[in-house]
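Count along the first sequence from 1, add 100, and you get the number used in my numbering. Input: a single structure, listed below in structure tokens.
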Amino acid sequence: MATARAVSPSIVWFRQDLRLQDNRALNAAVARGDPIVPVYVFDEAGEGNWKPGGASRWWLHHSLQALDTALRAVGSQLILARGKTGEVLRQLASSTGATALFYNRRYEPAAIAHEREIETEARGMGIEVQSFNSALLREPAEIANQQGRPFQVFTAYWRHAIALPVDPPVRLPATRLPAPEAWPKSLDLEDLELRPRLNWADGFSADWTPGAAGAAVRVKRFLSDPVADYGAGRDLPDREGTSRLSPHLHFGEVGPRQVWAAVRALGRETGVFPVNAGAGIFLREIGWREFAHHVLYHFPTAPELPIRSEFARFPWAEDPGGQRLGAWQKGRTGYPIVDAGMRQLWQSGWMHNRVRMIVGSFLVKHLRLPWNHGARWFWDTLVDADLANNTLGWQWSSGCGVDAAPYFRIFAPVLQGRKFDSSGDYVRRWVPELARLPAEWIHAPWEAPTAVLAQAGVRLGETYPAPIVDHASARRDALAAFKKLREASRS
DNA sequence: TTTTGAGTTGTTCGA
DNA sequence: GTCGAACAACTCAAA
């Protein structure tokens, strides 16, 4: 008769928390002391209407590989599966005899529903379930205004949130993770079929290193210099002035508590926090990410429907054959800054934030196409596609969300280009057919003298499109459409 | 309780 | 060339 109790492992269900440090679910499993079975389930059905797009899947592939490598370095490994999470976990529990399940929470409506299902099922099997926050400084339900309602204005939200203490990141309390007696069966990473069949994502590797180690490099590099000039530098798309942490944060390869601690450490000699204006502005951006999750949690229909419901009746323009949408997607609108952004997105899986605002405003206000089309395209093409951030951004751009840009704020693409890409180098990089145009004309080639165009080898309508809409009249039409909406809402 | 002022990222127009 | 106003409506917090 064996006296030792049967060793029943704990399952750690990895999701958007693909890291070993500052991972509370993992730490709790370690604290329990039993063998740990780390698992990732690729389950599209659990994502509702927002199954991961191509760029996101590319990232996930490499991030899972990185996580497995990190786990192997501590004597463990990542079990991979695809299909229904509930079924996978049930099988895993019965084959390993696991009696506990640990995971970190998500905040998208489908993910929340999914968690509830999994918890109910697991508890029904007698499995202990514990969930944690490793994705946000504060969870949506922790923050409310004086009336006990969710904030709908960022500044008020952030004033409130920033006054609360930020928990320090937690370290993995072990150099080895206890392994089960036998490892359960795992799929090969390739079996998840996350990588595109065609090689369109080949260029991504030049720009990105998915995984916690790559994230740490980005944090270090950004805080070593660009952060000091973040206030101005973040608006210049030709420069490495932003942190580029968005995909790492989305997949949880680094968490906001770790970022917060790293920024705090910058001023440790002086005790000044934040150490300079740039650092404070950067932390505000972390705050926007928090706010986006707050808003999505409290307005779960926001990915599909405008939060200001009257916008459901906005008079969008006709787009027979999807010509205009297609031109926007392909970066062939004839507005160089817009086209540069859309091509950067397609080729690198990412777009500079300043340019996101410009192309967003252009789609919704100049082309008057529904913001949902833009949200969907971004969703499919961005490596940092994140339902909370994407939804907030698009509803902000079209003026139909909480704390959104006012309707009359219509970005003028030529002015934006001249202001934030004054050298024209951003356009030159992504729209090479305009590369030989001097800065003076590069943001409005249709205004360039014939000789200048000829010299630069540009033939409008042939080598590069003429503008598909006229700025001044598109602006007038957009303002008229908003006026119409306002009158319709009044009656 | 009511009132008041402020609120991520703009542009245009007229003085 | 610069500068302020206009371009709405609503949320939130402080007075």
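All C-beta atoms in this analysis are idealised placements derived from N, C-alpha and C, irrespective of residue type, glycine included. Computed from a predicted model, the values in this text were never measured in an experiment.
Bridge partner(s) assigned by DSSP for residue i
i, result
"Leu560", "Tyr564"
"Ile179", "Val139"
"Phe53", "Since the first and last residues shown for the chain are 101 and 591, residue 53 lies out of range."
"Ala200", "Ser110, Glu228"
Backbone secondary structure at residue i - three-state DSSP
i, result
"Glu221", "helix"
"Phe232", "strand"
"Tyr207", "coil"
"Val464", "helix"
"Val112", "strand"
"Ile262", "helix"
"Ile381", "helix"
"Asn299", "coil"
"Phe251", "coil"
"Gln516", "helix"
"Val270", "coil"
"Gln246", "coil"
"Ala104", "Note that Ala104 scores 48 on pLDDT, short of 50, meaning its location in the model is unreliable and no value can be drawn from it."
"Thr309", "coil"
"Ala535", "coil"
"Gln444", "helix"
"His214", "helix"
"Pro420", "helix"
"Val174", "coil"
"Met451", "coil"
"Val569", "coil"
"Gly146", "helix"
"Gly333", "helix"
"Lys151", "coil"
Neighbourhood of residue i by C-beta, 7 Å cutoff - its chain only, sequence neighbours within 5 removed
i, result
"Ile407", "Phe399, Gln495, Cys500, Gly501, Val502"
"Val372", "none"
"Ala362", "Val319, Leu323"
"Arg115", "Tyr203, Asn204, Arg206"
"Trp541", "Glu547, Ala548, Val552"
"Met457", "Ser497, Phe511"
"Glu147", "Ala210"
Exposure label - residue i; buried when at least 16 CB within 10 Å
i, result
"Pro268", "exposed"
"Trp308", "buried"
"Trp530", "buried"
"Lys583", "exposed"
"Thr401", "exposed"
"Ala241", "exposed"
"Lys320", "exposed"
"Pro337", "buried"
"Pro273", "exposed"
"Thr550", "exposed"
"Leu264", "exposed"
"Thr491", "buried"
"Val395", "buried"
"Ala572", "exposed"
"Pro420", "exposed"
"Gln516", "buried"
"Asp335", "buried"
"Gly493", "buried"
"Trp283", "exposed"
"Asn123", "buried"
"Ala104", "Residue placement at Ala104 is flagged as unreliable, the pLDDT there being 48, under the threshold of 50; the coordinate-derived value follows with that caveat. Classification of Ala104: exposed, given that the 10 Å Cβ count is below 16."
"Ala313", "exposed"
"Gln555", "exposed"
Spatial neighbours of residue i in its chain, beta-carbon cut-off 8 Å, leaving aside the 5 residues before and after
i, result
"Val558", "Glu533, Leu534, Arg536, Leu537, Pro545, Ala548, Tyr564"
"Ala539", "Ser522, Ser523, Gly524"
"Phe462", "Trp428, Thr433, Tyr435, Val438, Phe511, Pro513"
"Ser163", "Leu118, Pro310, Gly311, Phe351, Glu353"
Residues near residue i in its chain [Cβ-Cβ closer than 6 Å; skip 5 each side]
i, result
"Asp484", "Ser346, Pro347, His350"
"Val266", "Leu237, Trp360"
"Ala577", "The amino acid at residue 577 is misidentified as Ala; the sequence shows Asp. Contacts found: none."
"Leu467", "Arg424"
"Trp159", "Pro310, Pro347, Val483"
"Lys465", "Ile510, Ala578"
"Ile221", "Reading the sequence as shown, one finds Glu at residue 221 and not Ile. These residues qualify, in order along the chain: Gly186."
"Leu167", "Leu118, Leu178"
"Ser234", "Asp117, Asn123, Arg124, Asn204, Gly355"
Can we say the stretch 189-206 touches the stretch 219-233, given the rule of at least three CB pairs closer than 8 Å? yes
For the structure I just gave you, are there three or more beta carbon pairs, one from the stretch 289-296 and one from the stretch 411-428, closer than 8 Å? no
Examine the Cβ distances between the stretch 507-514 and the stretch 467-474 and report whether three or more of them are shorter than 8 Å. no
Using 8 Å as the threshold, is the stretch 132-141 in touch with the stretch 244-252, meaning 3 or more CB pairs across them? no
Between the stretch 327-344 and the stretch 373-383, do three or more beta carbon pairs fall short of 8 Å? yes
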